[in-house]
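>
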Amino acid sequence: MPELKRIIFYHNRELEHSRFYETRKYGYMYQDFENEKLIKELHYEVEINCETSNTHNNFIFEINRKQIYIDQQEPDLLVEQMLDKCSKALFPIKIIPAKDGTIYELYNHDEIVKRWQSLKEHLGTYYYSEIAYKILNKVQKLILNKDALEKSLNQDWFFHLYFSPLYIEYPLEKPQTYKWKSPVFGNQFIDYQTDHTIEEHYTATNKIIINAKGKSIDERSIDEVLRGLNYPQSKLQGKAYEPLESEMEVEYKLYGEDKSIFSIISTFNTKINITLNKVQKIALYHLVEDENFRPYSDVEERKAQEQFQNFQTMGDEDIIDLSKIFKNDTPKPDVFKEPKEKVSFFVEEITPVQRKNSLEKFLGMFKKK
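Counting from 50, one number per residue, gives the positions in the sequence shown under the numbering used here.
Okay, here's the thing in structure tokens:
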């Protein structure tokens, strides 16, 4: 068995966030369990593009979510239908990421507002009930307020997990600790103290593995959370109580070439009472049509450019225009190749003998035998 290569960091053991060049399609799956019993399942496909920003020293993710399926069907209840239709105003949504990978800014708020104004008129003539108008008014209030809309993105598991603090410094001696606020109960977040660790070697298929594990540090009781309280009422009143118990674990796999996300596999386990646990399992997986896909990356070019620039001084008479050397130096192929990746989740693995399309393979990972 060949020896695995050690991960090469940019500097100071920092994992650098960089853009990717090809359109990415991901399969997303959310499963809600009561102990071992599956209560609800939601899945969809999401398409992500990454473009350079002209006004920021950064890049922009353009995210377009496809049709949502609840328990293998399109939404049929009135509230689910309304929320699904209202959400179409959001997409495509453009996000500027911060240096560590979290959300820095919602970039195309004006476009979203324009789409909403048109969509709202259509929905208002189609749905006549009182509850429908309440939903429309609530959504409008949220969409028109950019700050509130940005904050609400973290209530969605996709945005919460995809835009997590991954691109940070990973010290050797101890894990990097962060405070996560995760949407276990929708707009009722649970606070976790989470340790981030990184595997020291690339996998056999040149992936980087990052693990985030944590336990709740929330001071509320589970009853206070379920009642919608955002403060520890019993503690402030000096009453005896038990803080809620919850654990979380997320595994990220990143492509070694450009440090972009290949897959996310996560479990959140929350104690409701002595006999009941709420278990949420969320997965995101890059749907590659070509089993040998490899991403293009300009990271090595940029590193070489910076290193070369350091050798030059203002006194040089033959300063070289490096932008001409590195710009379009190598044509970007339309198809990139990588070894076949197996992604394990709750039940089984994707095996090379399957001939289904990539989304069907992804969904098959969640089916019990």
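Virtual Cβ for every residue (Gly too), placed ideally from N, Cα, C.
(1) Under the three-state reduction of DSSP, which class applies to Phe140: helix, strand or coil?
(2) Just curious, the beta strand (DSSP E) that Ser92 is in, first and last residue?
(3) Look at the Cβ atom of Glu94, then the Cβ atom of Glu111, and state whether they are nearer than 8 Å.
(4) In terms of alpha-carbon separation, which member of Phe411, Ile88, Asp149 and Asn186 lies closest to Ser67?
(5) Assign Leu127 to one of three DSSP states: helix, strand, or coil.
(6) Classify Thr174 as helix, strand or coil using the three-state DSSP reduction.
(7) What does the alpha-carbon distance come out to for the pair Asn157 and His171?
(8) Who does Trp229 pair with in a DSSP beta bridge?
(9) Along the chain, where does the alpha helix (DSSP H) that runs through Tyr211 open and close?
(10) Can you list, in chain order, the residues of its chain whose CB lies under 6 Å from that of Ser393, leaving out five sequence neighbours each side?
(11) When the Cα atoms are used, what is the spatial distance from Lys74 to Glu338?
(12) Would a C-beta distance cut-off of 8 Å place Tyr334 and Ser312 closer than the cut-off?
(13) How many whole angstroms separate the CB atoms of Phe415 and Met78, which I take to be in contact at a CB cut-off of 8 Å?
(14) By a C-beta neighbour count over all protein chains shown, 10 Å radius and 16 as the cutoff for buried, is Phe58 buried or exposed?
(15) Counting only the same chain and skipping the five closest in sequence on each side, list residues whose C-beta sits under 7 Å from that of Ala138.
(16) Suppose you measure from the CA of Phe342 to the CA of Glu222; what does that come to, to the nearest Å?
(17) Would DSSP call Asp196 helix, strand or coil?
(18) Tell me, please, which residues DSSP counts as bridged to Ser270.
(19) Would you kindly work out how many angstroms separate the C-alpha atoms of Asn123 and Leu412, rounded to a whole number?
(20) Please state whether DSSP places Asn236 in a helix, a strand or coil.
(21) Can you list, in chain order, the residues of its chain with a C-beta nearer than 6 Å to that of Ile109? Leave out the 5 residues immediately preceding and following it.
(22) So Ile152 and Glu199 are supposed to be a Cβ contact under 8 Å. How far apart are they, rounded?
(23) Quick check: what's the CA-CA separation for Ile247 versus His60?
Once the coordinates are examined:
(1) coil
(2) Note that residue 92 corresponds to His in the displayed sequence, not to Ser. That run of the beta strand (DSSP E) goes Lys86 to Thr101.
(3) no
(4) Asp149
(5) helix
(6) helix
(7) 22 Å
(8) Tyr241
(9) Trp206 to Tyr211
(10) Note on Ser393: pLDDT 40, under 50, position unreliable in the model; the coordinate value appears next. Hits under 6 Å: none found.
(11) 10 Å
(12) yes
(13) 6 Å
(14) exposed
(15) Ile161, Arg164, Trp165, Leu168 and Ile192
(16) 35 Å
(17) helix
(18) Partner(s): none; Ser270 has no beta bridge.
(19) The residue asked about is misnamed: residue 123 is Glu in this sequence, not Asn. Cα-Cα distance, rounded: 16 Å.
(20) coil
(21) Glu100, Ser102, Lys143, Ile145 and Tyr156
(22) 7 Å
(23) 15 Å
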